[in-house]
């Protein structure tokens, strides 16, 4: 064999070995998608999250993502069939849509459809709060606008959306502009801050952003409800003292004046990390606040429920919900008259289970937990929705038909 | 002719290094229910198992501070992303940006996330970061939760 041929053989072998090595490792690292959705097809049931709400006529509206686009469609038969989806954003953008991050949808009394979401930016943990609306019954959507008036490439994420009976639109979110300022000044700042903006012109514009509180936890959803004055009450996970991650609520004096936050939970979960587990709040017709949250402190752990009959000045002694050993998590609460419903997930014997519990007297006494659905496949978080006649659990299971379960 | 083959050989070495190196960068193994015990069984010395998520800013801070140490203390750290293999791309990018791509890296199987968490620690709900220290006898002696 000539010397040249030997060199050629070595070179070829090296190339072959490298290619084969790369191919082998590529196989190991291949990404799995939802079963039946491997080709990232344009299908509603393939979306990772689906968020729904009823309008006042009883029509169900849903928002979900496919790639870098948001879609909205509706159902006239309680989620059995859905209309052809309308695209919200005509220019592609990265949309946060996973677990505690999800696009939100609300319908005002006059039928306007409002959507908020977090647009991911290129830098890790950064985003902008986005908003779009439809005034033609979901046929078309307005050009999305950015709600946060601080446009640094920092975190403005975990939006929460609400519209009151007057049509005022409130959006709250977790914001790191104060942390950014602190870092520039060489100071420390733990967590993020809770901010909000309000629109009083049906979403054509939003107010200057206002801070609700410093030092919120930075990776858990917020929750919003409206009191009897149609002012928002916002709940979120807060950081107290040395990384105690308990919950807070903020009420408003008027739409431009948030009041000093009140501590909701006292479980003392100390963690310098991300629980990925935010609270939920609902206010009934008697102005009673109903709240659920999760903590994993050494002594107090699991899902808890408490209510307040004095607008958050004090709360009832928390009661534990669900089975901690079965991973009771991601609870939601809603009221209908004096009836209060709580749903949550558990995990047992390779199945995700959906439970509900009901109180007929505004959260004073509670019935036994009832298993209402289960899934072997990974599920989206469950949420409660009402058409003002009945209450439903909305439980999306990616790859499966939409699950809207009437609660009795 | 000799020079052409010599250049080809050099080029091959460069290509081999580049391709194999980039392949290594994405060598993140899928962590299934049985892997917890398997990994512990394979260790011969004390080590730390660190669970993290691409959505967890404190995790990134912690991993950044560990990055240099892990290069000096080879095989002392095992990094396991809880995101699920559906987020492999994000996990891989994050590891690359933290210069941790050559460490022992795993990502939870998306289909078995809850089962895995249950197997590891029944009191764990998936909050991150979460680290466990194992001694030479493979005993999990403490949970490090800063």
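Residue numbers (our numbering), protein chains in the order written: chain A, 67 to 474; chain B, 193 to 338. Beta carbons: idealized from backbone N, C-alpha and C, even for Gly. Just so we're clear, the structure is a prediction, and the values are computed from it rather than from any experiment.
Interface partners of residue 252 of chain B on chain A, CB under 9 Å: The contacting residues are 190, 191.
Below 8 Å on the Cβ atoms is my guess for residue 284 of chain A versus residue 240 of chain A; work out the distance and round it to an integer in Å. So it is a contact: roughly 6 Å between Cβ atoms.
Taking residue 303 of chain A as part of the beta strand (DSSP E), name the residues at either end of that continuous run. For residue 303 of chain A, the enclosing beta strand (DSSP E) covers residues 298–306.
Can you check which of these residues, A/130, A/144, A/145, is closest to residue 138 of chain A by C-alpha distance? Comparing Cα positions, the closest option is A/130.
Pull up the distance between the alpha-carbon of residue 270 of chain A and that of residue 265 of chain B, whole angstroms please. In a straight line, the C-alpha of residue 270 of chain A is about 57 Å away from that of residue 265 of chain B.
By the criterion of Cβ-Cβ separation under 9 Å, what are the contact partners of residue 259 of chain B in chain A? Against chain A, a Cβ distance below 9 Å from residue 259 of chain B picks out nothing, because the smallest value is about 15 Å.
In this structure, how does DSSP classify residue 392 of chain A when only helix, strand and coil are distinguished? For residue 392 of chain A, the secondary structure class from DSSP, reduced to helix, strand or coil, is helix.
Got a sec, what are the start and stop residues for the beta strand (DSSP E) residue 304 of chain B sits in? Looking at the DSSP string, residue 304 of chain B is not in any beta strand (DSSP E), and its letter there is neither H nor E.
Buried versus exposed, by CB contacts within 10 Å (16 or more), residue 385 of chain A: Residue 385 of chain A counts as exposed, since fewer than 16 other beta carbons sit within 10 angstroms of its beta carbon.
Does DSSP classify residue 437 of chain A as helix, strand or coil? If DSSP states are grouped into helix, strand and coil, residue 437 of chain A belongs with the strands.
Spatial neighbours of residue 432 of chain A in its chain, beta-carbon cut-off 6 Å, leaving aside the 5 residues before and after: Its chain contains 423, 425 as the residues whose beta carbon lies nearer than 6 Å to that of residue 432 of chain A, once the 5 sequence neighbours on both sides are disregarded; these appear in chain order.
Is the beta carbon of residue 451 of chain A closer than 8 Å to that of residue 123 of chain A? No, Cβ-Cβ distance for residue 123 of chain A and residue 451 of chain A is not below 8 Å.
Can you give the beta carbon distance from residue 269 of chain B to residue 240 of chain B, rounded, assuming they're within the 8 Å contact cut? Sure, about 5 Å apart at Cβ, within 8 Å.
Complete runs of the beta strand (DSSP E) confined to the segment 183–226 of chain A [at least 3 residues]: With a minimum length of 3 residues, the continuous beta strand (DSSP E) runs that stay inside the segment 183–226 of chain A are 193–200.
Does the structure place the segment 321–329 of chain A close enough to the segment 337–346 of chain A that three or more beta carbon pairs sit under 8 Å? In short, these stretches do not touch, since the Cβ pair count stays below three.
Under three-state DSSP, which class holds residue 365 of chain A? Here residue 365 of chain A sits in coil by DSSP.
Taking Cβ to Cβ, would you say residue 221 of chain A is nearer than 8 Å to residue 263 of chain A? Contact flag unset, no.
Should residue 108 of chain A be labelled buried (16 or more other beta-carbon atoms within 10 Å of its own) or exposed? By the 10 Å Cβ count, residue 108 of chain A comes out exposed.
Of the listed residues A/407, A/333, A/112, nearest to residue 478 of chain A (C-alpha basis): There is no way to answer for residue 478 of chain A, as the model of chain A reaches only from 67 to 474.
Quick one: which residues of the segment 410–428 of chain A get their C-beta closer than 8 Å to a C-beta of chain B? List them in chain order. Taking 8 Å as the Cβ-Cβ cut-off against chain B, the residues of the segment 410–428 of chain A that qualify are 413, 416, 418.
Cutoff 8 Å: residue 302 of chain B Cβ touching any chain A Cβ: So, interface residue.
Let me know the beta strand (DSSP E) ranges lying completely inside the segment 226–262 of chain A, each 3 residues or longer, listed in chain order. Segments of the beta strand (DSSP E) lying fully in the segment 226–262 of chain A: 235–241.
Mind checking if residue 307 of chain A is an interface residue toward chain B, Cβ cutoff 8 Å exclusive? Taking CB atoms only, residue 307 of chain A has no neighbour in chain B less than 8 Å away.
Just curious, the alpha helix (DSSP H) that residue 234 of chain B is in, first and last residue? It spans 227–234 - the alpha helix (DSSP H) in which residue 234 of chain B sits, taken as one unbroken run.
Residue of A/153, A/191, A/261 minimising C-alpha distance to residue 210 of chain A: Of A/153, A/191, A/261, the residue nearest in Cα terms is A/153.
Could one say the Cβ of residue 356 of chain A lies closer than 8 Å to chain B's Cβ atoms, at least one of them? It does not; no Cβ of chain B falls within 8 Å.
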